[in-house]
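*Asks:*
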Amino acid sequence: MDIETALGKIKAVVGDRGLIDDPASAAPFLTEQRGRFTSHAPAVVLPADTNQVAAVLKLCAAHGVGVVPQGGNTGLCGGAVAGAPQILLNLGRMNRVLEVDPLDYTITVEAGCVLQRIQEAAATVDRLFPLSLGAEGSCQIGGNLSTNAGGINVLRYGNARDLTLGLEVVLADGTVWRELNRLRKNNTGYDLRDLFIGAEGTLGIITAAVLKLFPQPTDVQTAMVALDSVDGALRLLDLARNASGDTLSSFELLSNTAMNFATQHAGGCVDPFDQPHPWYVLLVFAGGGSTPYMRGALEQCMESAFAGGHVVDGVIAESHAQAQALWRIREGVVEAQRYEGASIKHDISVPVSRVPEFLERAGRAIARAFEGARPCPFGHLGDGNIHYNVSQPVGADPSAYVERWADMNRIVHDIVAELGGSFSAEHGIGRIKLEDMRRYKTPIGLDLMRRIKLALDPTDILNPGKVLPPADDSPVR
Ligand SMILES: Cc1cc2nc3c(=O)[nH]c(=O)nc-3n(C[C@H](O)[C@H](O)[C@H](O)COP(=O)(O)OP(=O)(O)OC[C@H]3O[C@@H](n4cnc5c(N)ncnc54)[C@H](O)[C@@H]3O)c2cc1C
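Just so we're on the same page, the numbering used here is the position in the sequence shown counted from 1, plus 179.
This is how it looks when you write it as structure tokens:
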């Protein structure tokens with residue numbers, strides 16, 4: 180491999196604006212948000228269009244240069260991090276909204292479009308693009324699709340995979356596969372689109388997508404309730420799905436610790452209740468039509484939940500500002516945790532009905548093995564997806580605590596596996612969950628993935644070392 184020659188040829192394709200090779204200008208692309216990983220790429224390449232991506236990949240294939248695609252670099256799993264002989268291919272310049280079609284309820288975008296921009300473009304024609312997550316101001320749709328992102332509206336609208344109709348992808352040899360169709364029904368053999376969604380850039384570079392839009396909900400009601408148990412939250416979930424005609428768009432769980440952290444450390448977070456409770460749920464009924472009925476449906480749901488003893492207190496937002504204040508608590512949890520020292524994170528899912536058992540068993544196991552560690556569970560209960568973050572014991576050494584990251588992951592992920600769950604619900608595999616792939620995926624499942632990888636990327640130039648652990652028993656680097 181001759182990286183210098185390859186870079187010279189790549190520069191001729193993308194021009195001066197399309198290649199950054201001085202360390203100061205490259206720096207913002209090289210480090211992940213949490214600072215856990217740093218890229219050592221000799222260059223960041225920023226193609227302007229699909230043809231340039233194809234030409235760059237042809238050159239990289241010819242010179243054996245690894246290519247690490249990058250969107251907004253918000254992924255948190257080490258997926259968009261490059262090693263020394265690899266280039267970073269950032270899609271940020273390919274950020275055009277190509278078409279919005281209100282009648283087809285579709286939007287066609289380039290992969291570098293920032294998620295929030297897509298939501299805004301949909302809103303200009305009175306449509307909703309429902310993918311929504313904390314990093315939406317900087318993550319790109321190519322990254323969202325490549326990690327099959329979830330977020331706060333999955334319960335109602337599905338995850339990124341469910342929101343995608345068509346894709347354009349550049350393959351490892353520079354071939355462009357283009358099926359930017361808007362079809363809701365298309366039974367014509369293997370669904371190639373689904374191969375690339377969630378592949379974290381290991382099978383191809385997504386360059387454009389056709390996404391589903393929905394009517395804007397006009398009748399939105401937001402509430403927060405306090406509960407004594409997560410079992411109560413599951414009863415409430417059932418009531419809420421029925422009362423809303425299954426238009427419940429969010430159902431977010433917060434533990435008492437999460438509420439405490441948010442209200443103590445994150446600006447603008449005020450506990451709406453006058454005394455502490457073990458659990459809280461933030462729920463949103465989102466309907467449409469010209470006759471508002473969500474308020475009545477929500478009140479009826481809450482009355483039934485009180486009568487059944489499932490909830491002990493509750494508030495309904497009387498205005499958009501009050502609804503935002505409730506959301507601020509949910510969103511403040513992540514930033515607030517930083518002020519409590521180091522935390523070891525898990526992004527797990529189990530069948531919804533087994534969340535209480537998971538929380539109970541994980542809590543007991545952590546208490547036994549990590550004395551004083553403080554679980555701070557919160558997340559998308561409606562999807563069975565809990566961010567099971569565990570803050571260090573008060574006064575403990577943060578580095579010594581984090582050194583036991585893998586030990587704690589093992590305890591939590593073993594329980595998840597026993598409950599039929601997944602060790603990665605939203606954020607993907609990247610580099611940090613390779614050992615988990617080895618431990619929890621079936622050997623046949625892994626073998627099938629390796630065969631697909633070999634077929635599409637025989638020389639392993641696309642995001643090498645991500646998603647798939649080494650086939651032998653050698654340790655993950
Ligand atoms: C505050 C915060 C909140 C978050 N909340 C959520 C949440 O609720 N739900 C959730 O699912 N995630 C969440 N995330 C994680 C992250 O935002 C998502 O994974 C997001 O989808 C990543 O998009 P990105 O553009 O930043 O991708 P990057 O981080 O740049 O890349 C992610 C992966 O995709 C690959 N990739 C990027 N672009 C392409 C492309 N065009 N073609 C092929 N491969 C590509 C990269 O190589 C890498 O493997 C959150 C992150 C933060 C920081």
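Using N, Cα and C, we set each Cβ at its ideal position, and we do this for glycine too.
Contact between the region 388 to 397 and the region 434 to 450: three or more CB pairs below 8 Å?
*Replies:* no
*Asks:* Is the Cβ-Cβ distance between Ala222 and Asp201 less than 7 Å?
*Replies:* Within the sequence shown, the letter at position 43 stands for residue 222. Within the sequence shown, the letter at position 22 stands for residue 201. Ala222 places its beta carbon 7 Å or farther from that of Asp201.
*Asks:* May I ask you to check if the CB of Leu270 is nearer than 6 Å to at least one heavy atom of ligand 1?
*Replies:* Your numbering for residue 270 matches position 91 in the sequence shown. Result yes, Cβ under 6 Å from ligand 1.
*Asks:* Can you tell which of Ser317, Glu605, Val389, Val348 has the C-alpha that lies nearest to the C-alpha of Lys524?
*Replies:* Numbered from its first residue, the sequence shown carries residue 524 at position 345. For the residues Ser317, Glu605, Val389, Val348, the minimum Cα distance to Lys524 belongs to Glu605.
*Asks:* Compute the Euclidean distance between the alpha carbons of Gly262 and Ile182, then round it to the nearest angstrom.
*Replies:* On the sequence shown, position 83 is the one that residue 262 refers to. On the sequence shown, position 3 is the one that residue 182 refers to. Distance between Gly262 and Ile182, taken at the CA atoms: about 13 Å.
*Asks:* If you follow the beta strand (DSSP E) that Thr621 is part of, which residue opens it and which one closes it?
*Replies:* Position 442 of the sequence shown holds residue 621. For Thr621, there is no enclosing beta strand (DSSP E), as DSSP marks it with neither H nor E.
*Asks:* So, helix, strand or coil for Tyr580, using DSSP?
*Replies:* The residue given as residue 580 occupies position 401 in the sequence shown. It is helical.
*Asks:* Taking the Cβ atom as the reference point for each residue, do Tyr567 and Pro577 lie within a distance shorter than 7 Å?
*Replies:* In the sequence shown, residue 567 corresponds to position 388, counting from 1. In the sequence shown, residue 577 corresponds to position 398, counting from 1. No, Cβ-Cβ distance for Tyr567 and Pro577 is not below 7 Å.
*Asks:* Would you say the beta carbon of Ile384 comes nearer than 6 Å to a heavy atom of ligand 1?
*Replies:* Translated into the one-based positions of the sequence shown, residue 384 becomes position 205. It does: the Cβ of Ile384 is within 6 Å (strictly closer) of some heavy atom of ligand 1.
*Asks:* Do you know whose CA, among Tyr619, Gly467, Asp407, Ala387, lies nearest Asp398's CA?
*Replies:* Counting from one through the sequence shown, the residue named residue 398 turns up at place 219. Comparing Cα-Cα distances from Asp398 to each of Tyr619, Gly467, Asp407, Ala387, the minimum goes to Gly467.
*Asks:* Should Thr326 be listed as close to ligand 1, given that the test is whether its C-beta is under 6 Å from any heavy atom?
*Replies:* As a position in the sequence shown, residue 326 is number 147, starting the count at 1. True, at least one ligand heavy atom lies under 6 Å from that Cβ.
*Asks:* Counting Cβ pairs, one atom from each stretch, are 3 or more of them under 8 Å apart for the region 585 to 600 and the region 361 to 369?
*Replies:* no
*Asks:* List, from N- to C-terminal side, the alpha helix (DSSP H) runs of 4 residues or more that fit wholly inside the region 396 to 482.
*Replies:* Runs of the alpha helix (DSSP H) inside the region 396 to 482: 409 to 422, 435 to 444.
*Asks:* Do you know how far the Cα of Gly607 is from the Cα of Gly377?
*Replies:* Position 198 of the sequence shown, counted from the first residue, corresponds to residue 377. Position 428 of the sequence shown, counted from the first residue, corresponds to residue 607. Their backbone Cα atoms lie some 7 Å apart in a straight line.
*Asks:* Could you tell me which whole alpha helix (DSSP H) segments of length 4 or greater appear in the region 492 to 547?
*Replies:* 499 to 516
*Asks:* Does the distance from the C-beta atom of Ala402 to that of Leu462 stay below 7 Å?
*Replies:* On the sequence shown, position 223 is the one that residue 402 refers to. On the sequence shown, position 283 is the one that residue 462 refers to. In contact: Ala402 and Leu462 (Cβ atoms closer than 7 Å).
*Asks:* Where does the unbroken alpha helix (DSSP H) through Glu299 begin, and where does it stop?
*Replies:* Here residue 299 refers to the residue found at position 120 when the sequence shown is read from its first residue. Note, Glu299: alpha helix (DSSP H), 294 to 302.
*Asks:* Based on the DSSP secondary-structure assignment, which residues constitute the bridge partners of Ser570?
*Replies:* Within the sequence shown, the letter at position 391 stands for residue 570. Answer is Ser522, Arg553, bridged to Ser570.
*Asks:* Once the 5 residues before and after Lys190 are set aside, which same chain residues still bring their CB inside 6 Å of it?
*Replies:* The sequence position of residue 190 within the sequence shown is 11, counting from 1. If we look at Lys190 and ignore the five residues flanking it on each side, its Cβ neighbours are Leu198.
*Asks:* Going by DSSP, what residues sit across from Ser601 in a beta bridge?
*Replies:* For this step, residue 601 is matched to residue 422 along the sequence shown. Per DSSP, Ser528.
*Asks:* Assign His489 to buried or exposed, taking buried as 16 or more other Cβ atoms, counted over all protein chains shown, within 10 Å of its Cβ.
*Replies:* Reading the sequence shown from its first residue, position 310 is the one you call residue 489. Burial check for His489: the Cβ neighbour count within 10 Å reaches 16 or more, so the residue is buried.
*Asks:* So, helix, strand or coil for Phe393, using DSSP?
*Replies:* Locating residue 393 in the sequence shown gives position 214, counting from the first residue. DSSP places Phe393 in the strand class (E or B) of the three-state scheme.
*Asks:* Using CA coordinates, which residue listed in Asp593, Leu344, Gly383, Ile565 is at the minimum distance from Pro248?
*Replies:* Reading the sequence shown from its first residue, position 69 is the one you call residue 248. Comparing Cα positions, the closest option is Gly383.
*Asks:* How would you label Tyr518, buried or exposed, when you count the other beta carbons within 10 angstroms and need 16 or more for buried?
*Replies:* By one-based count along the sequence shown, residue 518 stands at place 339. It is exposed - the Cβ of Tyr518 has fewer than 16 other Cβ atoms within 10 Å.
*Asks:* If you draw a straight line from the C-alpha of Thr326 to the C-alpha of Glu379, how long is it?
*Replies:* The residue labelled residue 326 in the question sits at position 147 within the sequence shown. The residue labelled residue 379 in the question sits at position 200 within the sequence shown. Roughly 6 Å separates the two Cα atoms.
*Asks:* Please name the residue in Gly561, Met616, Pro554 whose C-alpha comes closest to that of Ser434.
*Replies:* Reading the sequence shown from its first residue, position 255 is the one you call residue 434. For Ser434, the nearest C-alpha among the options comes from Pro554.
*Asks:* When you compare each of Asp652, Asp615, Ile623, Thr638 to Val646 by their alpha carbons, which one comes out closest?
*Replies:* On the sequence shown, residue 646 is found 467 positions in, with the first residue counted as 1. When each option's Cα is compared against that of Val646, the closest is Asp615.
*Asks:* Is the CB-CB distance between Val409 and Pro535 below 7 Å?
*Replies:* For the purposes of this step, residue 409 is taken as the residue at position 230 of the sequence shown. For the purposes of this step, residue 535 is taken as the residue at position 356 of the sequence shown. A contact, by the Cβ cut-off of 7 Å.
*Asks:* Can the beta-carbon of Phe375 be found closer than 7 Å to that of Val349?
*Replies:* Counting from 1 along the sequence shown, the entry for residue 375 is found at position 196. Counting from 1 along the sequence shown, the entry for residue 349 is found at position 170. Going by C-beta atoms, Phe375 is not nearer than 7 Å to Val349.
*Asks:* According to DSSP, is Gln231 part of a helix, a strand, or is it coil?
*Replies:* Sequence index remark: in the sequence shown, residue 231 carries index 52 (1-based). Three-state DSSP puts Gln231 in a helix.
*Asks:* Please report the Cβ distance between Leu427 and Val460, rounded to the nearest whole angstrom; I am assuming they are in contact, meaning their Cβ atoms lie under 8 Å.
*Replies:* Position 248 of the sequence shown, counted from the first residue, corresponds to residue 427. Position 281 of the sequence shown, counted from the first residue, corresponds to residue 460. Contact doesn't hold; Cβ gap of about 11 Å is too wide.
*Asks:* Have a look at Thr354 and Gln503 and give me their C-alpha separation to the nearest angstrom.
*Replies:* As a position in the sequence shown, residue 354 is number 175, starting the count at 1. As a position in the sequence shown, residue 503 is number 324, starting the count at 1. Approximately 46 Å between the Cα atoms of the pair.
*Asks:* When we look at the beta-carbon of Val449 and count the other beta-carbons within 10 Å, is it buried (16 or more) or exposed?
*Replies:* Position 270 of the sequence shown holds residue 449. It counts as exposed.
*Asks:* Identify every run of the alpha helix (DSSP H) within the region 277 to 353, keeping only runs that are complete inside it and at least 4 residues long; order them along the chain.
*Replies:* 294 to 302, 320 to 325, 333 to 336
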